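Here the structure comes first, spelled out in structure tokens, and everything after it is commentary.
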Amino acid sequence: MNIGAVAKASGVSAKMIRHYEQIGLIGHSPRTEAGYRQYQERDLHTLKFIRSARDLGFSLEQIHQLLSLWYDEQRSSAEVKQLAESHLSDLDKRIQALITMRDALVSLSESCCGDNRPDCPILEGLAGHVPASSSPPQLSKQKAQGV
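Residue numbers 1 to 147, in full-length UniProt numbering, belong to the letters of the sequence shown in order.
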């Protein structure tokens, strides 16, 4: 298969396929005399695996580890489970951070009248000029984290 066909079949763009090849997630493909990449069925399965892992939010480094485990027929499923549970923990932390951000934004939004006056508690809150008594603690926490 050429890169266009494998891209369509895997759901991974040609640009990302070239990138994955460059960083070693997939092997270098043989080329035709004209220099076009040629992919095998195994490459298609690998790209589908990568796509599934990306859809679940795994990092490229984690995907590299998962691929190594996938190829290793002597692997321990405990290693795979540990990687998955570590990723779940990271997702939980990100979800909590998003909830905290949402709560801060809800608080700011509720403090704004949304009328024709120029004063805006949302902009003041983002600028850090909200009095401590009315500033949601989550906003200060988010600003400290650079989020």
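The beta carbon of each residue, even a glycine, is placed where N, CA and C say it ideally should be.
Keep in mind the model is a prediction, meaning the values are calculated, not measured.
Would you identify the three-state DSSP class for residue i, choosing helix, strand or coil?
i, result
"R51", "helix"
"R37", "strand"
"R31", "strand"
"S76", "coil"
"S59", "coil"
"V12", "coil"
"R94", "helix"
"L25", "coil"
"P118", "coil"
Suppose you measure from the CA of residue i to the CA of residue j; what does that come to, to the nearest Å?
i, j, result
"D43", "L91", "29 angstroms"
"W70", "M1", "23 angstroms"
"R54", "R31", "27 angstroms"
"E41", "L98", "40 angstroms"
"K93", "Q82", "17 angstroms"
"L25", "L88", "22 angstroms"
"R18", "Q74", "29 angstroms"
"I63", "E110", "42 angstroms"
"V80", "L67", "10 angstroms"
"L123", "V12", "40 angstroms"
"S52", "C113", "44 angstroms"
"L60", "A84", "14 angstroms"
"K8", "D119", "52 angstroms"
"residue 227", "K15", "Since the first residue of the chain shown is 1 and the last is 147, residue 227 is not available in this structure."
"D72", "M101", "41 angstroms"
"A127", "D115", "20 angstroms"
So, for residue i: in the same chain, excluding its five sequence neighbours on each side, which residues have a beta-carbon less than 8 angstroms away from its beta-carbon?
i, result
"R117", "none"
"G27", "E21, D43"
Note down, in chain order, each residue of its chain lying with its Cβ closer than 7 angstroms to the Cβ of residue i, except the 5 sequence neighbours on either side.
i, result
"K48", "S10"
"P121", "L108, S111, C112, V130"
Which residue's Cα is closest to the Cα of residue i: the options?
i, options, result
"A5", "M101, T46, Q38", "Q38"
"G46", "S29, L105, T100, S86", "Residue identity check: residue 46 is Thr in the sequence provided, not Gly. Ranking S29, L105, T100, S86 by Cα distance to T46 puts S29 first."
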